Amino acid sequence: MAVLAHALQVVGGWIPPLVIFFVKRQSRFVSFHALQVLFLELVYLVITMSIVMFWIATIALAVINNHGSSSAFPPAILVVFPIFWLVFMGVWVTKIVVAVIYSIKAGRGEWADLPVLGGLARKALKIGPGGAPTS
Numbered sequence: 001m002a003v004l005a006h007a008l009q010v011v012g013g014w015i016p017p018l019v020i021f022f023v024k025r026q027s028r029f030v031s032f033h034a035l036q037v038l039f040l041e042l043v044y045l046v047i048t049m050s051i052v053m054f055w056i057a058t059i060a061l062a063v064i065n066n067h068g069s070s071s072a073f074p075p076a077i078l079v080v081f082p083i084f085w086l087v088f089m090g091v092w093v094t095k096i097v098v099a100v101i102y103s104i105k106a107g108r109g110e111w112a113d114l115p116v117l118g119g120l121a122r123k124a125l126k127i128g129p130g131g132a133p134t135s
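Per my numbering, the sequence shown starts with residue 1, numbered consecutively.
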């Protein structure tokens, strides 16, 4: 189930890890991995929303600065669009690579921590190294 929490985030986003987190709540190992994936999805959402907001601001500024020629398409949009697309695709590919790597680690039974997010998941679930409960 921990492997599925990581692997299914690629196609289902935050829904599969959330379902797995609540269904397998009694397993500290599965809960830990599912909660890490939920935190990762939250970070992915924040980054994606930031990219979209910058893209909308860029379009708005390009249209406002192009007010003199209303029929012409603002060329700044064509210049900046590939940059935004590459950043968005880079974040998406990074998410997929992380999902594959941590699916493999979960399949091996490792308590692999995502940087920063693993520590947050451990604190939220009160789990120490190796899955030992903390007080």
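Glycine is no exception: its CB is placed at the ideal position from the N, C-alpha and C atoms. None of these values were measured; they are calculated from a predicted model.
**Asked** CB-CB under 7 Å to W14, same chain, minus the five flanking residues each way: which ones, in chain order?
**Response** L38 and E41
**Prompt:** What are the partner residues of I83, as DSSP defines its beta bridges?
**Reply:** I83 pairs with nothing; no bridge assigned.
**Message:** To the nearest angstrom, how far is the alpha carbon of L28 from that of K126?
**Reply:** The amino acid occupying residue 28 in the given sequence is Arg; Leu does not appear at that position. About 10 Å.
**Request:** Keeping to the same chain, check which residues put their C-beta closer than 6 Å to that of A5; ignore five residues upstream and five downstream.
**Result:** P17, I20, H33, A34 and V37
**Message:** Given a cut-off of 8 Å on the beta-carbon distance, is the pair V23 and A99 in contact?
**Reply:** no
**Message:** Tell me the DSSP secondary structure of P74 in three-state form.
**Reply:** coil
**Request:** Taking A7 as the reference, give the member of A121, R108 and S103 with the closest Cα.
**Result:** S103
**Item:** Sub-8 Å separation of G130 and V3 beta-carbons
**Value:** no
**Message:** Less than 8 Å between C-beta atoms, sequence neighbours within five positions excluded: which residues of the same chain meet that for T58?
**Reply:** A76, I77, V80 and F84
**Prompt:** Assuming V97 contacts I47 under a Cβ cut-off of 8 Å, what Cβ separation, rounded to an integer in Å, is found between them?
**Reply:** Their Cβ separation, rounded to whole angstroms, is 15 Å, which puts V97 and I47 out of contact at 8 Å.
**Asked** If we count the other Cβ atoms within 10 Å of its Cβ and call it buried at 16 or more, is G109 buried or exposed?
**Response** exposed
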